[in-house]
Structure formats: C-alpha cells, structure tokens
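*Asks:* According to the working numbering, the sequence shown holds residues 1 to 270 in order.
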Amino acid sequence: MAEISNQLRNPLSAFDVVGKVYIITGASGTFGRGCALTLASMGAKVCLAAGSGAELAEVATEVAELGGECVTIQRRPDTLEDAEAILATALDKFGTVDGLVIASGFNKAGYIHEQPLEEWEAVMNANVRGNWLMAKAVGKWWIDNNRRGGKVLMMSSVRGRHGNVSGYTGYCTSKGATDALTRVLATEWAKYGITVNSIAPTVFRSKLTAWMWSDSEVGQATRARSLARIPLGRLGEVEDLMGMALYLLSPASDFCTGQIMYVDGGLTAG
Ligand SMILES: NC(=O)c1ccc[n+]([C@@H]2O[C@H](COP(=O)([O-])OP(=O)(O)OC[C@H]3O[C@@H](n4cnc5c(N)ncnc54)[C@H](OP(=O)(O)O)[C@@H]3O)[C@@H](O)[C@H]2O)c1
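1. Can you tell me where the beta strand (DSSP E) with Thr30 in it begins and where it stops?
2. Does the distance from the C-beta atom of Val158 to that of Asp264 stay below 8 Å?
3. Does Arg6 come out as helix, strand or coil in the three-state DSSP assignment?
4. Can you list, in chain order, the residues of its chain with a C-beta nearer than 6 Å to that of Gly99? Leave out the 5 residues immediately preceding and following it.
5. Is DSSP giving Ile289 helix, strand or coil here?
6. Can you find the residues in the same chain that come closer than 6 Å, C-beta to C-beta, to Glu121, ignoring five residues on each side of it along the sequence?
7. Name the two residues that bound the continuous alpha helix (DSSP H) containing Glu62.
8. Pair every Cβ in the stretch 232–245 with every Cβ in the stretch 29–38, then say whether three or more of these pairs are closer than 8 Å.
9. What are the boundary residues of the beta strand (DSSP E) that Ser226 is part of?
10. With a threshold of 7 Å on Cβ separation, who are the neighbours of Gly167 within its own chain once the five nearest residues in sequence on each side are excluded?
11. Which residue marks the beginning of the beta strand (DSSP E) containing Ala49, and which one marks its end?
12. Output the residues surrounding ligand 1, defined as those with a CB atom closer than 5 Å to any ligand heavy atom, in chain order.
13. Take Thr96 and list the residues in its own chain whose beta-carbon comes closer than 7 Å to its own, dropping the five residues that flank it on each side.
14. Taking contact to mean at least 3 C-beta pairs separated by less than 8 Å, is the stretch 139–151 in contact with the stretch 179–198?
15. Could you tell me which whole alpha helix (DSSP H) segments of length 4 or greater appear in the stretch 54–131?
16. Tell whether a beta-carbon distance below 8 Å holds between Val71 and Ala44.
17. Taking Leu56 and Val101 to be in contact with their CB atoms under 8 Å, please state how far apart those CB atoms are, rounded to whole angstroms.
18. Taking 8 Å as the threshold (C-beta atoms), are Leu208 and Asn107 in contact?
19. Using a Cβ-Cβ cutoff of less than 8 Å, which residues in the same chain neighbour Ser104 once the five nearest sequence positions on both sides are dropped?
20. Would you kindly check if the distance between the Cβ of Leu235 and the Cβ of Thr268 is under 8 Å?
21. In three-state terms, what does DSSP make of Leu153?
22. Taking its Cβ as the centre, do 16 or more other Cβ atoms sit within 10 Å of Ser13, making it buried, or is it exposed?
23. I need the DSSP call for Met261, collapsed to helix, strand or coil.
24. Between Gly270 and the rest of its own chain, which residues show a CB-CB distance below 8 Å, the 5 nearest in sequence each way excluded?
25. If you compare alpha carbons, which of Ile194, Asp215 and Leu80 is closest to Arg147?
26. Return the chain-ordered list of same chain residues with a C-beta closer than 6 Å to the C-beta of Gly68, the five sequence neighbours on each side being excluded.
27. Determine the contact status of Gly176 and Val123, defining contact as a CB-CB distance below 8 Å.
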C-alpha cells in the first residue's frame with residue numbers, strides 16, 4: 001500500500017495561509033472586504049488598497065477586530081506609479097508579498113450607440129488596465145526576487161462569457177479581456193511558480209449591484225431576470241465566494257492556473 005502523505009492525513013493544511021501577506025485592491029468593496037476578513041480570520045496579513053479612505057478604514061478596523069494585521073493605502077491602481085506604491089506599502093510593512101487579489105472594478109452601462117467613448121474607456125481602465133498594472137508591479141517583484149509560489153486572483157464575471165444584458169459592451173468586453181489576461185499570464189508565469197486565476201461570479205449582492213436590490217423598477221426587473229436564470233434559485237452573497245477565494249490564494253491550488261472559476265449557482269451550466 002502507498003504511504004499516506006501528510007496532506008492526505010491533514011487536508012486542511014493545504015489551505016494554510018497563516019503569516020502569508022496579501023495585497024487586496026478594491027478593499028473598500030464587497031468582495032475586497034470579504035477577502036480581507038477571510039484572510040485575516042485565517043491568520044494572513046493584508047495590505048488594503050482603495051480610493052475611499054473612510055470605507056477602507058472601516059475594513060481595517062474589522063480586520064483588527066478579528067485579530068488580523070493590516071496596512072492601508074488610499075489609492076486605486078490607475079497608473080503604474082499607483083500599483084508600485086501599493087506594492088511598496090505592503091513591502092514596507094510586511095517585507096514580502098505572497099498573493100494579490102484584484103477586487104477593484106466597476107461598471108457603467110449604456111447602449112453603444114449612445115454611450116460616450118470615455119465611459120467605455122473608464123470601465124476598461126478599471127477592470128483591465130488596473131489588473132494589468134497590479135499584476136505587472138507585483139509579478140515583477142516576485143520574478144526579480146526569485147520568489148516562487150505567488151498567487152494572483154482577479155475578478156472576472158459570467159459576463160466575460162455571456163453577452164446577455166444589453167448595454168454592457170464595456171463590462172462584458174472588460175471581463176472577456178480579464179479571462180484572456182488570466183490565461184496568458186498563467187502560461188507566461190508558470191515557470192516562475194506563480195499561479196493566476198479568476199473567479200467569475202453571477203450577480204452577487206454588493207455595492208456594485210445595490211441598485212438591483214433597490215425599489216427602482218429597472219432594479220427589480222433586472223434582479224428578477226437574473227434570478228430566473230440561476231438553477232440553484234438564488235443570487236450570490238459574498239460568503240459564497242470565499243471558499244473559492246481561499247482555495248485560489250492558498251497552496252491548495254498550486255496545480256491550478258489559468259482558470260476562470262464560475263461561482264454562479266449553475267448559470268453557465270445551462
Ligand atoms: N457583485 C457582482 O454581482 C459581481 C459579479 C461579477 C463580477 N464582479 C466583479 O467583482 C469585482 C468586485 O465587485 P464588487 O461587487 O465587490 O463591487 P464593489 O462593492 O463596488 O467594490 C468594488 C471596489 O472597486 C473600487 N472602484 C470603483 N470604481 C473604480 C474605478 N473606476 N477604478 C478602480 N477601482 C474602482 C471601489 O473602491 P474605491 O471607490 O474605494 O476605490 C469599490 O469599493 C469587480 O471587478 C466586479 O466587476 C461583481
């Protein structure tokens with residue numbers, strides 16, 4: 001009989017992130033906060049970045065309540081200088097970085113024949129350029145310092161695969177590009193031992209989608225239409241994402257890279 005390995009005796013050890021350091025962009029947002037609290041609860045250290053100082057401070061307070069260690073920087077990854085400043089904040093405080101969660105992003109809907117180019121570019125910049133810049137800054141540090149085992153987690157969406165919902169030429173295009181970036185970087189960086197994956201959620205309750213939970217007619221109609229397409233019969237809550245996030249950010253996923261992980265109640269199965 002084969003020997004029973006340590007990991008098969010203790011499978012949870014593969015999810016151990018105690019003492020590891022993670023940068024999280026969009027940390028003021030719903031997914032960013034969820035990742036920050038999950039990682040802190042698991043004993044990791046977090047560097048939280050976002051544009052909204054007050055909301056960032058609230059998340060930092062929550063991390064501290066959980067006994068976690070964190071540092072904050074009030075910055076979005078708009079430029080390479082921003083991305084490098086976010087990295088430098090983590091390095092100054094903790095001396096290293098083990099993982100990167102890019103949870104900053106947004107949407108501005110509009111029909112293509114009416115939408116100004118600037119709005120489309122703003123969505124692409126937040127959802128694609130920001131990912132590229134953060135990955136570039138952190139990945140360069142890992143490669144230059146010969147640090148293997150780095151984890152990159154980006155936020156895609158089922159919209160990267162589904163055209164459904166008109167008025168989303170910016171958002172869907174940006175998420176399709178995120179999927180492609182995930183795959184290309186995963187193959188480019190495999191030799192450095194860096195994994196790159198994305199989570200692609202369906203509609204989750206968050207600040208971004210708060211309008212779908214409002215009393216507005218368009219919000220109610222959009223939520224009902226989204227719900228009708230989910231086999232599991234409900235929309236997502238941030239907790240539904242955290243198992244996948246922890247998997248992709250821990251050694252448990254060391255042989256998983258370049259994947260778009262759908263957490264969507266079965267939407268893309270149908
Ligand atoms: N919620 C969903 O249903 C859903 C579904 C699929 C995918 N996603 C994706 O998941 C990620 C996180 O979404 P979420 O639901 O957590 O949204 P959220 O609560 O709105 O958080 C996103 C954060 O991104 C930052 N942000 C906003 N506009 C930005 C811009 N122009 N440039 C850079 N950062 C900006 C905001 O922080 P500051 O304003 O403080 O900088 C915000 O807190 C996004 O990429 C989103 O597309 C969400």
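Every residue gets a Cβ at the ideal spot worked out from N, C-alpha and C, and that includes glycine.
*Replies:* In short, the structure shows the following:
1. Residue mapping note: residue 30 aligns to position 30 of the sequence shown, counting from 1. Looking at the DSSP string, Thr30 is not in any beta strand (DSSP E); the run it does join, the alpha helix (DSSP H), is Thr30 to Ser41.
2. Residue numbering aside, residue 158 sits at position 158 when the sequence shown is read from its first letter. Residue numbering aside, residue 264 sits at position 264 when the sequence shown is read from its first letter. In contact: Val158 and Asp264 (Cβ atoms closer than 8 Å).
3. On the sequence shown, position 6 is the one that residue 6 refers to. At residue 6 the sequence reads Asn, which differs from the Arg that was named. Helix, per DSSP.
4. Numbered from 1 along the sequence shown, position 99 holds the residue referred to as residue 99. Correct list, in chain order: Tyr22, Lys151 and Leu249.
5. As shown, the chain starts at 1 and ends at 270. That puts residue 289 outside it, with no answer to give.
6. Translated into the one-based positions of the sequence shown, residue 121 becomes position 121. There are no such residues.
7. Within the sequence shown, the letter at position 62 stands for residue 62. From DSSP, the alpha helix (DSSP H) with Glu62 extends over Gly53 to Glu65.
8. Under the 8 Å Cβ criterion, the stretch 232–245 counts as touching the stretch 29–38, having at least three qualifying pairs.
9. Translated into positions along the sequence shown, residue 226 becomes position 226. Here Ser226 belongs to no beta strand (DSSP E); instead the alpha helix (DSSP H) covers Glu217 to Ala228.
10. The residue labelled residue 167 in the question sits at position 167 within the sequence shown. Counting only Cβ-Cβ distances below 7 Å, and skipping sequence neighbours, we find Ala109, Gly110 and Tyr111.
11. The residue given as residue 49 occupies position 49 in the sequence shown. Where Ala49 is concerned, the enclosing beta strand (DSSP E) stretches over Lys45 to Ala50.
12. Residues with their Cβ less than 5 Å from any non-hydrogen atom of ligand 1, running along the chain, are Gly26, Ser28, Gly29, Thr30, Phe31, Ala50, Gly51, Ser52, Arg76, Ala103, Ser104, Gly105, Phe106, Ala126, Met155, Ser157, Pro201, Val203, Phe204, Ser206, Lys207, Leu208 and Thr209.
13. Sequence index remark: in the sequence shown, residue 96 carries index 96 (1-based). Here the set comprises Val21.
14. yes
15. 80–94 and 117–124
16. Position 71 of the sequence shown, counted from the start, is the residue given in the question as residue 71. Position 44 of the sequence shown, counted from the start, is the residue given in the question as residue 44. No. Outside cutoff.
17. Translated into the one-based positions of the sequence shown, residue 56 becomes position 56. Translated into the one-based positions of the sequence shown, residue 101 becomes position 101. About 14 Å; that fails the 8 Å criterion.
18. Taking the sequence shown and counting its residues from 1, one reaches residue 107 at position 107. Taking the sequence shown and counting its residues from 1, one reaches residue 208 at position 208. Yes; because the gap between Cβ atoms is below 8 Å, this pair is in contact.
19. Along the sequence shown, read from residue 1 onward, the residue named residue 104 stands at position 104. Counting only Cβ-Cβ distances below 8 Å, and skipping sequence neighbours, we find Thr25, Gly26, Gly29, Gly32, Ala49, Ala50, Arg76, Pro77, Ala126 and Gly130.
20. Along the sequence shown, read from residue 1 onward, the residue named residue 268 stands at position 268. Along the sequence shown, read from residue 1 onward, the residue named residue 235 stands at position 235. Not closer than 8 Å, so no.
21. Position 153 of the sequence shown, counted from the start, is the residue given in the question as residue 153. If DSSP states are grouped into helix, strand and coil, Leu153 belongs with the strands.
22. Mapped onto the sequence shown, residue 13 falls at position 13. Exposed, because fewer than 16 other Cβ atoms sit within 10 Å of the Cβ of Ser13.
23. Within the sequence shown, residue 261 is the residue found at index 261, counting from 1. Correct three-state label for Met261: strand.
24. If you number the sequence shown from 1, residue 270 lands on position 270. Same-chain partners within the cutoff: Arg229 and Pro231.
25. As a position in the sequence shown, residue 147 is number 147, starting the count at 1. Of the candidates Ile194, Asp215 and Leu80, the one whose C-alpha sits nearest the C-alpha of Arg147 is Ile194.
26. On the sequence shown, residue 68 is found 68 positions in, with the first residue counted as 1. Only Ala40 meet the Cβ criterion.
27. Along the sequence shown, read from residue 1 onward, the residue named residue 176 stands at position 176. Along the sequence shown, read from residue 1 onward, the residue named residue 123 stands at position 123. No. Outside cutoff.
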